[in-house]
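Residue numbers (my numbering): 245 to 615.
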Amino acid sequence: MSDVREGPNYWDYLKLDRLLDLQGGLEGDDARLAPDELHFIVVHQVFELWFKLILSELRLARDHLAAPRVPEERIPYVVHHLRRVNEIMRHCVGQFAIMETLTPQDFLAFRDKLTPASGFQSYQMREIEILLGLQDAQRAAEMGINPFGALQRQAKQSPRAQLGLDRIEAARAALPLRSALHNWLYRTPIQGSTPEDPDDVEAVDRFVSSYLKAMQAHHTAGHETRQAVIPDLDLESAKQRLSGVIAQAWDFLHAADVDAESRPRVKRIRAALVFIESYRALPLLAWPRLLIDAVVELEEQFVLWRTRHARMVERVIGRRIGTGGSSGVDYLDATAKYRVFRELWTVRTILLPKRAVPPLENAQRYGFAGA
Ligand code: HEM
Numbered sequence: 245m246s247d248v249r250e251g252p253n254y255w256d257y258l259k260l261d262r263l264l265d266l267q268g269g270l271e272g273d274d275a276r277l278a279p280d281e282l283h284f285i286v287v288h289q290v291f292e293l294w295f296k297l298i299l300s301e302l303r304l305a306r307d308h309l310a311a312p313r314v315p316e317e318r319i320p321y322v323v324h325h326l327r328r329v330n331e332i333m334r335h336c337v338g339q340f341a342i343m344e345t346l347t348p349q350d351f352l353a354f355r356d357k358l359t360p361a362s363g364f365q366s367y368q369m370r371e372i373e374i375l376l377g378l379q380d381a382q383r384a385a386e387m388g389i390n391p392f393g394a395l396q397r398q399a400k401q402s403p404r405a406q407l408g409l410d411r412i413e414a415a416r417a418a419l420p421l422r423s424a425l426h427n428w429l430y431r432t433p434i435q436g437s438t439p440e441d442p443d444d445v446e447a448v449d450r451f452v453s454s455y456l457k458a459m460q461a462h463h464t465a466g467h468e469t470r471q472a473v474i475p476d477l478d479l480e481s482a483k484q485r486l487s488g489v490i491a492q493a494w495d496f497l498h499a500a501d502v503d504a505e506s507r508p509r510v511k512r513i514r515a516a517l518v519f520i521e522s523y524r525a526l527p528l529l530a531w532p533r534l535l536i537d538a539v540v541e542l543e544e545q546f547v548l549w550r551t552r553h554a555r556m557v558e559r560v561i562g563r564r565i566g567t568g569g570s571s572g573v574d575y576l577d578a579t580a581k582y583r584v585f586r587e588l589w590t591v592r593t594i595l596l597p598k599r600a601v602p603p604l605e606n607a608q609r610y611g612f613a614g615a
């Protein structure tokens, strides 16, 4: 008997036999697939595998952020998981080029047998959206269609569809990344003040009003420069634009768009975003700024994914209705419009150059020991 222990092998570890036996489509047999159908199935399965990993990475990022206190050294881990998702998404966007090698005629050869199967039923995509923080009300308002309808209708006949719905329900019961991010942002020290400090509300108010004054001064100076170099500048409309920009910033920073009860909290979160972006060079704020950047990139990648999917669909099936019953490309383009992390995008419109931001107070609180 040999004393050499038989170690694990590649095919057992990866369950390769089972994995490679899963591409037989409705017929359950690779040999009976239409000529381009293996390509269609493999590309979809690969996407779903990436979705599985994305869900796991997003949950890890969310769990780090959801702690009641997030130690500074934990932030790089959050960024690490988000960056991995961003790379996967970048790769997924590129993968549509492989899908596009399916010509319209090739697809028509087997498309009919798929009805009513559709990406609508990708419960993993729904879980990702919910985990990010997309709300149903937002969907319905912007898309005019119930994307859960396909799963709900089929759940009556198919236990498999019910499993998908159960996963979606479980995702709804968990804390979304958006909420974890906001809870964490809420605790950001602003000009050295934290929510536990007795005069924190006043400190945040002072910061917000100094920021708005700095904005006014910066834009007025820019306005005067433009006036000097553009002789036929329409002064009246330029002035109106300027006051519009300041009014929008005021509304945003005072959370005028939310109900009175949530206003103080939302106001602090938005002030924190402006603060982190404005003083990003401070040691204590450098990683938080990178985290915010990773979230913005994450949403950017999702929008690109949706846009790229829609263009690929337009190329393969034109303006036909989808197998899931939506209007097709028009519906898909509508899905590229919503934003989960709206505040992170809005803040970009009101940022100021470093030289124009209000002076920093309590610098020692942010890691400048000698300041
Ligand atoms: C020839 C290839 C493809 C075509 C023609 C196509 C077409 C469509 C259409 C028309 C819809 C809208 C729903 C409907 O009415 O059916 C849809 C939704 C969707 N598709 Fe595709 N698709 C293709 C490939 C893919 C691939 C490779 C993926 C990757 C997983 C994918 C994922 C999705 C998802 C997640 C949705 C739901 C979008 C939402 O409701 O937000 N599709 N697809």
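Here a beta-carbon is modelled for each residue, glycine too, at the ideal position from N, C-alpha and C.
Per DSSP, what are the beta-bridge partners of residue 437 in this structure? Note: residue 437 sits in a beta bridge opposite 434.
Taking C-alpha atoms, which residue in 313, 355 and 422 lies nearest to residue 377? Nearest option by C-alpha distance: 422.
From residue 606 to residue 307, what distance separates their C-alpha atoms? Each residue's alpha carbon lies about 30 Å from the other.
To which residues of the same chain is residue 462 closer than 6 Å at the C-beta, ignoring the five residues directly before and after it? 596 and 600
Indicate the three-state DSSP secondary structure (helix, strand or coil) for residue 551 in the structure shown. helix
For a quick check, are the C-beta atoms of residue 515 and residue 452 less than 9 Å apart? yes
Between the alpha carbons of residue 259 and residue 604, how many angstroms are there, rounded? 57 Å
Would you check if there are 3 or more beta carbon pairs closer than 8 Å linking the region 278 to 288 to the region 352 to 369? yes
When we look at the beta-carbon of residue 477 and count the other beta-carbons within 10 Å, is it buried (16 or more) or exposed? exposed
Give the single residue among 396, 370, 465 and 549 whose Cα lies nearest to the Cα of residue 420. 370
Helix, strand or coil: how does DSSP classify residue 565 here? coil
Would the beta-carbon of residue 391 be found less than 8 Å away from any heavy atom of the ligand HEM? Distance from the C-beta of residue 391 to the nearest heavy atom of the ligand HEM is below 8 Å.
Considering only the alpha carbon of each residue, which of 273, 428 and 316 lies closest to residue 310? 428
With hydrogens ignored, establish whether the beta-carbon of residue 338 is closer than 8 Å to any heavy atom of the ligand HEM. For the ligand HEM, not one heavy atom lies less than 8 Å from the Cβ of residue 338.
Check whether the Cβ of residue 343 sits closer than 8 Å to any heavy atom of the ligand HEM, and report yes or no. yes
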